[in-house]
Amino acid sequence: MGLLDSLLMGFASLLGWKPILAIVVGVIFGILAGAMPGLSPSTAVALLVPFSYTMPPGLALILLTSIYIATNYGGSITAVLINTPGTPAAAVTAFDGYPLTLQGKAGKGLGTALIASTIGGAIGVAILILFAVPLARIALKFSPADYFALALFGLATVASMGRGNIIKALLAILFGLLVKTVGIDSISGFSRFTFGSDMLYDGFTLIPALIGLFAVSVVFEKVEKWTGLARTLDKIDNKLPSIKEFMEIKGTILRSSIIGTIIGIFPGAGATIASFISYDISKRASKEPEKFGKGCLEGVAAAEGANSSSVGGALVPLLALGIPGSATDAVLLGAFMLHDLVPGPLLFRDNPDIVYGIFSALIVANIFMLFMGLYGNRLFIKVVSVPDGILYPMILAIAIIGSFAVKSSMFDVAACIGFGIVGWIFKRYGYPVAPVVLGIVLGTMVEDNYRRAVMMGGYTIFLKDKLALIMLTLAFLSFIYPLLKQWRERSKK
Amino acid sequence: MLAFFSDGFGLKLLIALLLLSLFGIGFAVCRSGKKEYLGNILLPCGLIALSILFFAITFSFPEEDVGPDAVPNLWIFWTILLSLVILYQIRRGTVAPDPELGRVSFLIMIIGLLVAYYFAMQIAGYFLSTFLFLVLLMHILSYRKKLIIYLVAGGWVVFSYVVFYKILFIQLPLGYFEYFY
């Protein structure tokens, strides 16, 4: 059966009220869960897996994949409006999304995130449909040295975050990397820097650190400057980006969608890494890089395009080879097994209706997400008009419950408050907090793959592996170039 | 010698020495001509102190070729080096002085309230302590419409109960009121 016939078969399986209802419920639940800090995409999908048990397999997977694609967009809503990323990947959306809200352009921020998410999701699904099997085979050829180089390349994106002083950005990332070493070493099993406390055996969880650094620190900043007077914001503009603005960012959306899909294919390299790398590349390619971080639509588009397209990428190894590419994929793998299905090449042969039903559902879910977002944004924006005296306590309440919800741990709540204080101190003295998150996200990937690569091939492995050498060279240039540029500018002054 | 500071009494002694050093550096900076760079100086010094602490602890790690201390030592090395670069930049005057202090005492009070909320959750349970925290904080932040305060605080508690506790089965702390739920 040809690809087109298979897709038509897939769309035919959506005809009926049950599949459409599954997509509607999945998208709405996904957006709301994604917006809530503390509920990751994997948690959101996992929560509905038990409910899907009594459903036919095709219907269950349509529901769960709709949730998956919607959560990545949902995370951007709170990131843009209150600088509280609902998902780790949305942290990058906050870089430019929140400044847009502060400028009274929340509508443009949310609208750009929505459009980039929709297009990114669609491109990710298209690549998934066309190239699932060959791409999966390539991704699995990556060695630990290649993964280490990819992670280091991800770390190099810190160069785009150090406005003014790149050394401070590098110190912030090193702080994040050091924090990530706390806990049990995944290779030797030895507990490091736990100070004898069993609460530190698992180290610091990403989401409480993220919420603390981004949301709690902002509340502390505002409280430090508290005047008691009502905030005077110009009328909040809920207008979407204009056609002209969209045409200016269409290249960024396309580029970031492809980057996100490719990075999403590699198991372990998820939406967060994809967002950071895409943001960095887009900033370097932009005609106005100085606008990034100050409310630039390109920045929002770069982050969200990559974020959403990585869903399609992450499904490539899962569907084609049965290897989960992300935590959410691992949950989906469990859902497949619950319904007596085994993802892999045989799934395409034995259950093409299921596979192409999923593909079709992802396309329809994207379209429905667009309409939901267009309507919902008018409601979401009202959050910005809430008085500060209510908004900031509510942000703290959401941060506390979001931190607790990850592992039902009071330690995570304490960590969230601690990181909030760290974030406030860092920002006060010009140290960006985003690199701290980047260090925490990439720390394990950098360390584990470095040690595995050296154990397998010695220190020269990084010179012998051509792909690793190319990526390491690019990473090195990414680090060095901004330093040299800054030094040259200072010399001229 | 550094192995002595990697564990037990030696580690506690090292922590005390590092904290005293930071305090001493802060005192010295306040008495010097670089008083306006106090925060900018203490932050990289704090990172250096943290790095020294972590470095000392790595002496208790098993010795292997690419063992558990390999990568942390790499981060420690670069942290110390780059912190020294920042301090050098401050000495040369290429770093902006500390920003003006805002209402730091007010902020410390809010952080104190947050910490009290953290402990209260474990004693009085999440729902009661959250309600009281929200009411108190909204009042402190000068919001005066009492009905709205109670509606928002109560509404959030109800939302948390229904969505997080009942639907999502997240075991929010109940404190001593566990038997009421």
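Order-wise, the sequence lines are chains A and B. The opening position of the first sequence corresponds to residue 452 in this note's numbering, with each subsequent residue numbered one higher. The opening position of the second sequence corresponds to residue 177 in this note's numbering, with each subsequent residue numbered one higher. Built from N, CA and C at the ideal position, the CB exists for glycine as well.
Using the Cα positions of residue i and residue j, report the straight-line distance between them to the nearest angstrom.
i                      : j                      : result
residue 336 of chain B : residue 516 of chain A : 26 Å
residue 547 of chain A : residue 554 of chain A : 11 Å
residue 812 of chain A : residue 770 of chain A : 15 Å
residue 657 of chain A : residue 858 of chain A : 11 Å
residue 499 of chain A : residue 342 of chain B : 14 Å
residue 633 of chain A : residue 651 of chain A : 7 Å
residue 842 of chain A : residue 669 of chain A : 12 Å
residue 706 of chain A : residue 276 of chain B : 42 Å
residue 970 of chain A : residue 753 of chain A : Residue coverage of chain A in this structure runs from 452 to 944, which leaves residue 970 of chain A outside it and unanswerable.
residue 149 of chain B : residue 530 of chain A : Any answer about residue 149 of chain B is impossible in this case: the structure gives chain B only from 177 up to 357.
residue 226 of chain B : residue 262 of chain B : 16 Å
residue 210 of chain B : residue 217 of chain B : 9 Å
residue 873 of chain A : residue 638 of chain A : 29 Å
residue 483 of chain A : residue 784 of chain A : 23 Å
residue 326 of chain B : residue 313 of chain B : 12 Å
residue 594 of chain A : residue 353 of chain B : 54 Å
residue 213 of chain B : residue 273 of chain B : 5 Å
residue 406 of chain A : residue 478 of chain A : Since the displayed chain A opens at 452 and closes at 944, residue 406 of chain A lies outside it and no answer follows.
residue 501 of chain A : residue 558 of chain A : 36 Å
residue 300 of chain B : residue 306 of chain B : 10 Å
residue 622 of chain A : residue 230 of chain B : 16 Å
residue 285 of chain B : residue 237 of chain B : 40 Å
residue 731 of chain A : residue 602 of chain A : 14 Å
residue 549 of chain A : residue 814 of chain A : 29 Å
residue 840 of chain A : residue 677 of chain A : 10 Å
residue 850 of chain A : residue 756 of chain A : 26 Å
residue 536 of chain A : residue 179 of chain B : 42 Å
residue 192 of chain B : residue 181 of chain B : 11 Å
residue 891 of chain A : residue 897 of chain A : 10 Å
Less than 8 Å between CB atoms is the rule here; does residue i satisfy it with respect to chain A?
i                      : result
residue 336 of chain B : yes
residue 246 of chain B : yes
residue 262 of chain B : yes
residue 341 of chain B : no
residue 352 of chain B : no
residue 282 of chain B : yes
residue 215 of chain B : yes
residue 205 of chain B : no
residue 278 of chain B : yes
Within the 8 Å Cβ cut-off, does residue i reach chain B?
i                      : result
residue 840 of chain A : yes
residue 856 of chain A : yes
residue 619 of chain A : yes
residue 583 of chain A : no
residue 864 of chain A : yes
residue 676 of chain A : yes
Who are the Cβ neighbours of residue i in its own chain at under 6 Å, not counting the five residues just before and after it?
i                      : result
residue 743 of chain A : 734 and 750
residue 894 of chain A : 628 and 631
residue 934 of chain A : 617
residue 919 of chain A : 596, 597, 600 and 913
residue 329 of chain B : 307, 310 and 311
Skipping 5 residues on each side, what residues in its chain have a beta carbon closer than 7 Å to that of residue i?
i                      : result
residue 504 of chain A : 789
residue 712 of chain A : 574, 575, 578, 760, 761, 763 and 764
residue 234 of chain B : 245, 248 and 249
residue 643 of chain A : 632, 633, 634 and 636
Going by DSSP, what residues sit across from residue i in a beta bridge?
i                      : result
residue 642 of chain A : A:635
Give the DSSP-derived three-state secondary structure of residue i in the structure shown.
i                      : result
residue 977 of chain A : Within the shown structure, residues of chain A are numbered from 452 to 944, placing residue 977 of chain A beyond reach of any answer.
residue 616 of chain A : coil
residue 955 of chain A : An answer regarding residue 955 of chain A cannot be provided, because it is not within the stretch 452 to 944 covered by chain A.
residue 751 of chain A : helix
residue 790 of chain A : coil
residue 662 of chain A : helix
residue 320 of chain B : coil
residue 801 of chain A : helix
residue 314 of chain B : helix
residue 554 of chain A : coil
residue 837 of chain A : coil
residue 843 of chain A : helix
residue 490 of chain A : coil
residue 534 of chain A : coil
residue 347 of chain B : coil
Kindly examine the ligand ZN and report whether one of its heavy atoms sits closer than 7 Å to the Cβ of residue i.
i                      : result
residue 277 of chain B : The ligand ZN is not among the ligands present in this structure, which contains no ligands whatsoever.
- prompt: Any residues in the region 654-670 of chain A with a beta carbon nearer than 9 Å to a beta carbon of chain D? Which ones, in chain order?
  reply: The structure shown contains no chain D; its protein chains are A and B.
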